[in-house]
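Number 92 in the UniProt record's numbering belongs to position 92 of the sequence shown; there are no gaps in the numbering. Note that CB positions come from ideal geometry on N, CA and C, so glycine has one too. Since the model is a prediction, treat every value here as computed from it, not as a measurement.
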Amino acid sequence: MSFFEIQGSTPLSGQVRIHGSKNAVLPMMAATILHRGTTILTNVPRILDVFWMIGILKTLGCQVWFEEDVLTIDASVVTSTIIPQYLAEKMRSSIIFLGPLLGRCNKASLWYPGGCSIGSRPIDLHAEVLRAMGAKIQEDGEHLDVTAETLSGCTFSFRFASVGATENAIMCAVNANGKTVLNNVAREPEIRDLCRMLVKMGAKIDGIGSSKLVIEGNSQLHNSSFRVPPDRIVAATYLSAVTVCGGRIQLCEVPVYDLRAVLAVLQKCGCRFRKRKSGLDVWCYQRPWAVPYTKTQVYPGFPTDVQSLLMTVLSKAEGVSVIEETIFEARFHTALQLQRMGADIQINHSYAQIRGVVSLHGADVTAMDLRGGAALTIAGVSAEGKTIVRAVEHVFRGYESLERDLAAMGANIVLKQ
Ligand code: UD1
């Protein structure tokens, strides 16, 4: 098992380019099978989840080439509609093949998806919307079989704006007969990006970026290429890092608009930034300030994916902060690891009360999930002494090289086996 060895506490200084977005590229990769031809994605991050998705695409019969950041997928032929257990278990995002496989082949078969252990991740909303389009779903507790004689457009309102269920519904609707109207859809930037890519492929989608999407089915799709936008959560990681470690950094290719909720909270902590043509200058020269109350919410609210990172920042803030987690209950398990580094955090159901300490100290900690692993890593960079972060395979799922980027900003961090 690999681990990070970090010698803290270093202020940050330097420049880093934000790589392509994980949560944008995964549904885009799944969407390529809607088209009986070739799709090219550029600015694709070389992260573990992308490699698992390539594994799934190849299993389905697609031809895939991945050179540098260019991913070419030829889905002229799909020979299988089964996502094998070992791949489905690796990543939650395997569920994102349900809509496209159904749209392309009228059937799909997969094991319940795995991924981060951040709480129960049901798929009832995915099932509801696909049923509304004519799918029949058989479940046996471990395995899903989905079939549809015909897929018809429908009007459907989500009880909760699930990101994955919205993506599945959009991709299925692109190949369904007639018009689909989806109300109360998730508005995360990655959904906007997926829609833009589908439109470039030839799909007809109205309302992109809003909570109501109208999709005309059965469009003629064609070969196309699309650049994956930069990763807002990776950018939020380095914004959090400079806020907790202090210093001044330049981030290139930052999706500033998509980050406004994160920037607003970090600004309250004392982080300052200036927009530049090529990105963002970010600095923080004093101990962070507490933020009395932050609640994770669906976009455009404060993202659950940045919650553990904010918790690290607030662990060293002057004063008392409260975070309420409303999306994934188990994300607070990173608090137990931060406590080993001297953080004063009390968890009460979905609330975390954080009493900031002047400094964290190095410790031997374990990443429990992807963003929690990143949060512990930046905590290590800001802490006094040596920190070991174990189970960093979680981190590889979403960061090309967290240690390379942090080292480029002056952190003393090495990856060891
Ligand atoms: C996506 C993101 C993840 C992010 C999350 C919320 C990707 C690959 N992952 O995950 O990084 O943290 O959005 O912004 O894009 N739910 C149900 N039933 C369902 C589906 C979801 O109850 O059928 C619940 C979940 O348990 C959770 C909430 O809805 O409490 C949010 O889930 P969802 O928006 O679906 O997140 P994901 O698509 O899994």
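query: Could you check the C-alpha separation between CYS116 and GLY372 for me, to the nearest Å?; result: Low local confidence applies: a pLDDT of 48 at CYS116 is under 50, so the model's placement there is unreliable, with the coordinate-based value given in what follows. Each residue's Cα considered, the two are about 10 Å apart.
query: Please report the straight-line C-alpha distance between ILE95 and PRO229, rounded to a whole angstrom.; result: 22 Å
query: Going by DSSP, what residue range makes up the alpha helix (DSSP H) through HIS143?; result: Per DSSP, HIS143 belongs to no alpha helix (DSSP H); it is in the beta strand (DSSP E), 143 to 147.
query: Any chance you could list the beta strand (DSSP E) runs of at least 3 consecutive residues sitting entirely within the region 219 to 300, in chain order?; result: 224 to 227, 247 to 252, 272 to 276, 279 to 284, 293 to 295
query: Might you give, ordered along the chain, the residues of its own chain that have their beta carbon closer than 8 Å to the beta carbon of GLU318, omitting 5 neighbours on each side?; result: ARG287, PRO288, TRP289, ALA290, GLY356
query: Would you list the one or two residues that DSSP bridges to GLY14?; result: ILE249
query: Taking three-plus beta-carbon pairs below 8 Å as touching, is the region 23 to 36 in contact with the region 220 to 235?; result: yes
query: What would DSSP say about HIS349, mapped onto helix, strand or coil?; result: coil
query: Helix or strand or just coil, what does DSSP make of GLU188?; result: coil
query: Under the assumption that ALA165 contacts LEU125 (Cβ atoms under 8 Å), give the Cβ distance between them as a whole number of angstroms.; result: 4 Å
query: Going straight from the alpha carbon of VAL181 to that of THR155, what length do you get?; result: 5 Å
query: Where does PHE51 land, buried or exposed, given buried means 16+ other C-beta within 10 angstroms?; result: exposed
query: Note down the Cα distance separating SER401 from ALA408, rounded to an integer number of angstroms.; result: 11 Å
query: Give the range of the alpha helix (DSSP H) segment to which ALA335 is assigned.; result: 333 to 340
query: Under a Cβ-count criterion, where at least 16 other Cβ atoms within 10 Å of its own Cβ denotes burial, should TRP283 be classed as buried or exposed?; result: buried
query: What does the alpha-carbon distance come out to for the pair ALA411 and ALA135?; result: 51 Å
query: Using 8 Å as the limit for Cβ to Cβ distance, is ALA186 near chain E?; result: In the structure shown, chain E does not exist; there is a single protein chain.
query: DSSP three-state call for ILE56: helix, strand or coil?; result: helix
query: Report the rounded CA-to-CA distance for GLY246 versus LYS386, giving the unit in angstroms.; result: 18 Å
query: Check for me: the alpha helix (DSSP H) holding ASP405 runs from which residue to which?; result: 402 to 408
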